[in-house]
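> This is the structure, below, for whatever I ask next.
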Amino acid sequence: MTNKEALIWATAQLKVVCERPQYEAELLLAYHLKQDRIYLMTHDRDVLEDVDTYKSLIQRRADNEPYEYIVGEASFYDIHLGVEEGVLIPRPETEILIDLVAEIIEKENITHIAEIGVGTGAISIVLARKFPELKVVATDICEAPLRVAQRNIETFGLENQITLRESNLIDKVSEPVELVVSNPPYIAEDFLLESNVVDYEPKEALFGGRSGDELLKQIILDVKARGIKWLACEMGYDQKEPLSAFVNELGVKSIQFYKDLAGFDRGFVIEFL
Numbered sequence: 019m020t021n022k023e024a025l026i027w028a029t030a031q032l033k034v035v036c037e038r039p040q041y042e043a044e045l046l047l048a049y050h051l052k053q054d055r056i057y058l059m060t061h062d063r064d065v066l067e068d069v070d071t072y073k074s075l076i077q078r079r080a081d082n083e084p085y086e087y088i089v090g091e092a093s094f095y096d097i098h099l100g101v102e103e104g105v106l107i108p109r110p111e112t113e114i115l116i117d118l119v120a121e122i123i124e125k126e127n128i129t130h131i132a133e134i135g136v137g138t139g140a141i142s143i144v145l146a147r148k149f150p151e152l153k154v155v156a157t158d159i160c161e162a163p164l165r166v167a168q169r170n171i172e173t174f175g176l177e178n179q180i181t182l183r184e185s186n187l188i189d190k191v192s193e194p195v196e197l198v199v200s201n202p203p204y205i206a207e208d209f210l211l212e213s214n215v216v217d218y219e220p221k222e223a224l225f226g227g228r229s230g231d232e233l234l235k236q237i238i239l240d241v242k243a244r245g246i247k248w249l250a251c252e253m254g255y256d257q258k259e260p261l262s263a264f265v266n267e268l269g270v271k272s273i274q275f276y277k278d279l280a281g282f283d284r285g286f287v288i289e290f291l
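This is the structure we're talking about:
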């Protein structure tokens, strides 16, 4: 079987589960060969070595396993992050949250922040790379994200800027911080997700409770109680009204909601009194 024949076969296998089956077949073949995609175009007649291993990669993707878990890496913002099953795969919409937080850090000259739910470390790492003087305490309640985030932090040499801590929300963050950022679980527990998400990604990083916004509300309460000025969070597309009512009743200086690239409500920034 040549590389070209392998791609034709793999594309057919992935048609049901992938929006771009040929593209993903090429990505997995490039990963298998430890080459880039351009190499595939110039070596399409080469005989494929270790065909069975490539077929097993395609089968995993055909079974809805996310591409990022198969290759152990996720592209995010301007970097590549290690990722594994049990850790949430960073999403493009989180880049919007980072840009909004970066604006606040720059405008307010913020030097100390906390992140709730570190995952791969995506948010903390990108912000630390943007602001070399920034100090971050990043928390998670699960061991796997803390382990993966630590590896990613070390990859980028950010050990002096980012401290990881096993903690529920900011319970074990004793240091003074000026801003909290989070992409917490915010999906309602009865919401039906695609099988590639619900079968593989960690449920504790996806589901936020019966209505989905319970954890978000607790984060808002905790940050307000600590006297922290800023909070920036992602949220579900249908949570703007209940969260707006909750925050207005609580009393804050301002809350601004933002949309993702698809035009859905995706998060908010709160400035507390």
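So for the sequence shown, our numbering puts the first residue at 19; every next one is plus one. By construction, the Cβ of each residue, glycine as well, lies at the ideal position given by its N, Cα and C atoms.
Whole angstroms are fine: how far does the CA of H98 sit from the CA of N178?
As a position in the sequence shown, residue 178 is number 160, starting the count at 1. As a position in the sequence shown, residue 98 is number 80, starting the count at 1. For N178 and H98, the distance between alpha carbons rounds to 20 Å.
> From what residue to what residue does the beta strand (DSSP E) around Y276 run?
Start at 1 with the first residue of the sequence shown, and residue 276 comes out as number 258. Its beta strand (DSSP E) spans residues 272-277.
> Using DSSP's beta-bridge definition, name the partner residues of F286.
On the sequence shown, position 268 is the one that residue 286 refers to. Paired residues: C251, F275.
> Indicate the three-state DSSP secondary structure (helix, strand or coil) for I238 in the structure shown.
On the sequence shown, position 220 is the one that residue 238 refers to. Helix.
> On the criterion of 16 or more Cβ atoms from any shown chain inside 10 Å, does N21 qualify as buried, or is it exposed?
The residue given as residue 21 occupies position 3 in the sequence shown. The residue is buried, with at least 16 neighbouring Cβ atoms inside 10 Å.
> Got a sec? Which residues, its chain only, sit under 7 Å from D54 by beta carbon, not counting five neighbours each side?
Taking the sequence shown and counting its residues from 1, the one referred to as residue 54 is at position 36. Excluding positions up to five away in sequence, the list reads A48.
> Using the DSSP secondary-structure output, state which residues sit across from K153 in a beta bridge.
Reading the sequence shown from its first residue, position 135 is the one you call residue 153. Looking at the DSSP assignment, K153 forms a beta bridge with H130.
> So, T112 versus N170, is the Cβ gap smaller than 7 Å?
Stepping through the sequence shown from its first residue, residue 112 is reached at position 94. Stepping through the sequence shown from its first residue, residue 170 is reached at position 152. Cβ distance not < 7 Å, so T112 and N170 don't count as in contact.
> Can you give the Cα-Cα distance for L66 and L51, rounded to whole angstroms?
Counting from one through the sequence shown, the residue named residue 66 turns up at place 48. Counting from one through the sequence shown, the residue named residue 51 turns up at place 33. For L66 and L51, the distance between alpha carbons rounds to 9 Å.
> Would you call I56 buried or exposed, if buried means 16 or more other Cβ atoms sit within 10 Å of its Cβ?
For the purposes of this step, residue 56 is identified with residue 38 of the sequence shown, where counting begins at 1. I56 should be labelled exposed.
> Between H130, R165, R147, which lies nearest to V155 when the distance is taken from Cα to Cα?
As a working note, residue 155 is residue 137 in the sequence shown. The candidate whose alpha carbon is nearest that of V155 is H130.
> Can you tell me the Cβ-Cβ gap for Y85 and E103, rounded? I've got them flagged as a contact below 8 Å.
Counted from its first residue, the sequence shown places residue 85 at position 67. Counted from its first residue, the sequence shown places residue 103 at position 85. Incorrect: roughly 13 Å between the Cβ atoms, too far for contact.
> On the three-state DSSP scale, how would you describe S185?
Translated into the one-based positions of the sequence shown, residue 185 becomes position 167. In this structure, S185 counts as coil in the three-state DSSP scheme.
> For R78, I'd like the list of residues in its chain whose CB is within less than 7 Å of its CB, leaving aside the five on either flank, ordered along the chain.
One-based indexing of the sequence shown puts residue 78 at position 60. Excluding residues within five positions, the ones whose Cβ falls inside 7 Å are I88.
> Determine which residues share a DSSP beta bridge with I97 and list them.
In the sequence shown, the residue the question calls residue 97 occupies position 79. According to DSSP, which records beta bridges pairwise, I97 is partnered with F94.
> Counting beta carbon pairs with one atom in the stretch 120-140 and one in the stretch 256-274, are three or more of them shorter than 8 Å?
With a cut-off of 8 Å, the stretch 120-140 and the stretch 256-274 do not count as touching, because too few Cβ pairs lie within range.
> S200 by DSSP, collapsed to three states: which one?
To locate residue 200, count along the sequence shown from 1; it is residue 182. DSSP places S200 in strand when its eight states are reduced to three.
> According to DSSP, is V69 part of a helix, a strand, or is it coil?
Here residue 69 is taken as the residue at index 51 of the sequence shown, counted from 1. In the structure shown, V69 sits in a helix (DSSP, three-state: H, G or I).
> So for D117, helix, strand or coil by DSSP?
Walking along the sequence shown from the start, residue 117 turns up at place 99. Three-state DSSP puts D117 in a helix.
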